[in-house]
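Asks:
Residue numbers (the working numbering): 26 to 524.
(1) Between residue 206 and residue 166, how many whole angstroms is the CB-CB distance? I'm expecting something under 8 Å.
(2) Could you spell out where the alpha helix (DSSP H) holding residue 258 opens and where it closes?
(3) Would you call residue 358 buried or exposed, if buried means 16 or more other Cβ atoms sit within 10 Å of its Cβ?
(4) With residue 333 as the anchor, note down where its alpha helix (DSSP H) starts and where it stops.
(5) With DSSP run on the structure shown, which of helix, strand or coil describes residue 326?
(6) Please state whether DSSP places residue 198 in a helix, a strand or coil.
(7) Quick check on DSSP: helix, strand or coil for residue 383?
(8) Determine the closest residue to residue 143 out of 281, 174, 220, 224, with distance taken between C-alpha atoms.
(9) Rank 221, 155, 257, 323 by C-alpha distance to the C-alpha of residue 184 and give the top, closest one.
(10) Measuring straight from C-alpha to C-alpha, what distance separates residue 178 and residue 131?
(11) The alpha helix (DSSP H) that contains residue 227, what's its start and end?
(12) Since residue 242 is in the alpha helix (DSSP H), which residue starts that stretch and which ends it?
(13) Output yes or no for whether 8 Å exceeds the beta carbon distance between residue 265 and residue 307.
(14) Hey, residue 274 and residue 228 are a contact pair by Cβ (cut 8 Å); roughly how many whole angstroms apart?
(15) Report the rounded CA-to-CA distance for residue 156 versus residue 125, giving the unit in angstroms.
(16) For the alpha helix (DSSP H) that contains residue 355, what are its first and last residues?
(17) Here's a check: name, in chain order, each residue in its chain whose Cβ is nearer than 8 Å to the Cβ of residue 209, leaving out the five neighbours to either side.
(18) Let's test the definition: count the other Cβ atoms within 10 Å of the Cβ of residue 376 and tell me whether it reaches 16, buried, or not, exposed.
(19) Flag this pair as yes or no: are the beta carbons of residue 252 and residue 294 separated by less than 8 Å?
(20) If you draw a straight line from the alpha carbon of residue 276 to that of residue 123, how long is it in whole angstroms?
(21) Which two residues bound the contiguous alpha helix (DSSP H) that contains residue 392?
(22) Tell me the DSSP secondary structure of residue 413 in three-state form.
(23) Spatial neighbours of residue 365 within its chain, please: C-beta separation below 8 Å, excluding the five flanking residues on both sides.
(24) Compare the Cα-Cα distances from residue 218 to each of 413, 343, 259 and report the closest residue.
(25) Among the candidates 188, 311, 257, whose CA atom is the shortest distance from the CA of residue 301?
(26) Just confirm the distance between the C-beta atoms of residue 363 and residue 412, as a whole number of angstroms; I'd bet it's less than 8 Å.
(27) Closer than 8 Å by C-beta to residue 85: which residues in its own chain qualify, once you throw out the five before and the five after it? Chain order, please.
(28) Taking just the CA atoms, how far does residue 159 sit from residue 199?
(29) So, are the CB atoms of residue 341 and residue 309 less than 8 Å apart?
(30) Is residue 138 helix, strand or coil when you go by DSSP?
(31) Whole angstroms are fine: how far does the CA of residue 416 sit from the CA of residue 427?
(32) What separation, rounded to the nearest whole angstrom, lies between the Cα atoms of residue 161 and residue 261?
(33) Quick check: what's the CA-CA separation for residue 139 versus residue 146?
(34) With H, G and I counted as helix, E and B as strand and the rest as coil, what does DSSP make of residue 129?
(35) Counting C-beta neighbours from all protein chains within 10 Å, is the total for residue 380 16 or more, i.e. buried, or is it exposed?
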């Protein structure tokens, strides 16, 4: 029994002895129970020692199985979360796509509604009566004011011809409404600008301002026509047509009347339209043929914005020979331009004024002499010190041209006075000659007459310009100039001048 307790199968078999009939039942029961245990043990993995190993082995491998199960669970959870996130992403994409579809549908509906409205407006212009025409013109002005697509669509639907035809109406309100509708149709649309001119709007607009029984046309009507000319002249192909139609004289006349009535918007529109036309050289002749146009421009110089526009027009005018001749023939024209350099602080005005003077000085000796007489040298010298970079360059070029003319004039005078004189050869051994000959090259006696004349010109200009520089710089009246400025007044022209 002790061996059985130790689970030793071999001892159980060896100790088994047959018993008598009386005691065999107990042994048989014991053997049957042991047999069941042996069979159960063998089914579980063998002997007692192996059974302990088999019993203990699952305990040792249990953490691995649990880790595998936990990993499987985490993988399942991750895959589930991924699927869930994918489903949520797809759902959000579907929601966004549905929102985009709704927005596109709304945009399409709006476009359809706008197109139907544009068709209705154009149909009213083409087939309606006077009331419908006036209403349609106002609708075109409203729809084309800020919508570039509406401008293109209205022109394609045929809105321009009936609007141009409305200019023949006797109703002033209808004329003004049609003009502003055409104005808005041409904003930023070159095709519409060309179509408006091709439809004959230029001559019709000029016919509206022909008032034989009145001194001047209606102010509102003139303002609308000027605004249209401003927009139409921005297209290069329209410039020759408008320039040869007589619009230049109308713009100049309106400009003069507006300066009397002080209408800033009309003045600016007239100047800008005239500038657009002056870009084309063939339009300059009709401008200068009006006798008092250039004098009017010169006398109108004053306000910064107005002066900038006027100088821009004059810059285009002097680009042609007839324009330069017309400008130089005006009395005190160079004095006026020099005054602009003196009192105008705007860099743009200074640059454009120096450009006009530079072109005039480069083309004509007579104009250069007129500039010198007007005192341009001192103003140019000041500009080389205080002006913008471009103004300094142009002023330097003008001064160089004037200096070359002055040098030629002095050299010709010097040659003329010494041509008939009898000059004797100097006695080099003379002590008096050696003593009297200066050794300093900066000494005036060593300078040629040409350099002396140029130096004197520069000194006079700088001295006369000193007070103006002090005044513009807000310096005290007893201001003492620096050594650098005083050195400029004593510069020798034997070297290159500082401009």
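Just so it is clear, CB atoms sit at the ideal spot from N, CA and C, and this is done for glycine as well.
In this text the structure is predicted, and so the values were computed from the model without any measurement.
Replies: Put simply:
(1) Confirmed, about 4 Å.
(2) From DSSP, residue 258 is part of no alpha helix (DSSP H); its letter is neither H nor E.
(3) Residue 358 should be labelled buried.
(4) Taken as a continuous stretch (DSSP letters only), the alpha helix (DSSP H) holding residue 333 covers 329-342.
(5) Correct three-state label for residue 326: strand.
(6) Of the three classes helix, strand and coil, the one that applies to residue 198 here is helix, per DSSP.
(7) Three-state DSSP puts residue 383 in a helix.
(8) Nearest C-alpha to residue 143: 174.
(9) Here the closest residue by C-alpha is 221.
(10) When rounded, the distance between both Cα atoms is 20 Å.
(11) Counting along the chain, the unbroken alpha helix (DSSP H) around residue 227 starts and ends at 226-233.
(12) Element bounds for residue 242: n/a, residue is neither H nor E.
(13) Contact: yes.
(14) Actually they are not in contact, since the Cβ atoms of residue 274 and residue 228 sit about 14 Å apart, beyond 8 Å.
(15) In a straight line, the C-alpha of residue 156 is about 42 Å away from that of residue 125.
(16) For residue 355, there is no enclosing alpha helix (DSSP H), as DSSP marks it with neither H nor E.
(17) Beyond the five residues adjoining it in sequence on each side, residue 209 comes within less than 8 Å, by CB distance, of 165, 166, 169, 170, 176 in the same chain, given in chain order.
(18) When all chains shown are included, residue 376 counts as buried.
(19) Yes.
(20) When rounded, the distance between both Cα atoms is 57 Å.
(21) That run of the alpha helix (DSSP H) goes 390-398.
(22) Coil at residue 413, not helix or strand.
(23) These residues qualify, in order along the chain: 326, 332, 336, 374, 375, 378.
(24) Out of 413, 343, 259, 259 has the C-alpha closest to the C-alpha of residue 218.
(25) Distance check between residue 301 and each of 188, 311, 257 places 257 closest, using alpha-carbon atoms only.
(26) Between residue 412 and residue 363 the Cβ distance is about 14 Å, and since that is not below 8 Å, they are no contact.
(27) Low confidence applies here, because residue 85 scores a pLDDT of 48, under 50, leaving its location unreliable; read the following figure in that light. Residues of the same chain with their beta carbon placed closer than 8 Å to that of residue 85 are lacking, with the five preceding and five following residues left out of the count.
(28) Rounded to the nearest angstrom, the two C-alpha atoms are 6 Å apart.
(29) For residue 341 and residue 309, yes; Cβs fall inside 8 Å.
(30) Correct three-state label for residue 138: helix.
(31) In a straight line, the C-alpha of residue 427 is about 16 Å away from that of residue 416.
(32) Approximately 30 Å between the Cα atoms of the pair.
(33) Going by the C-alpha atoms only, they are around 10 Å apart.
(34) The three-state secondary structure of residue 129, taken from DSSP, is helix.
(35) When all chains shown are included, residue 380 counts as buried.
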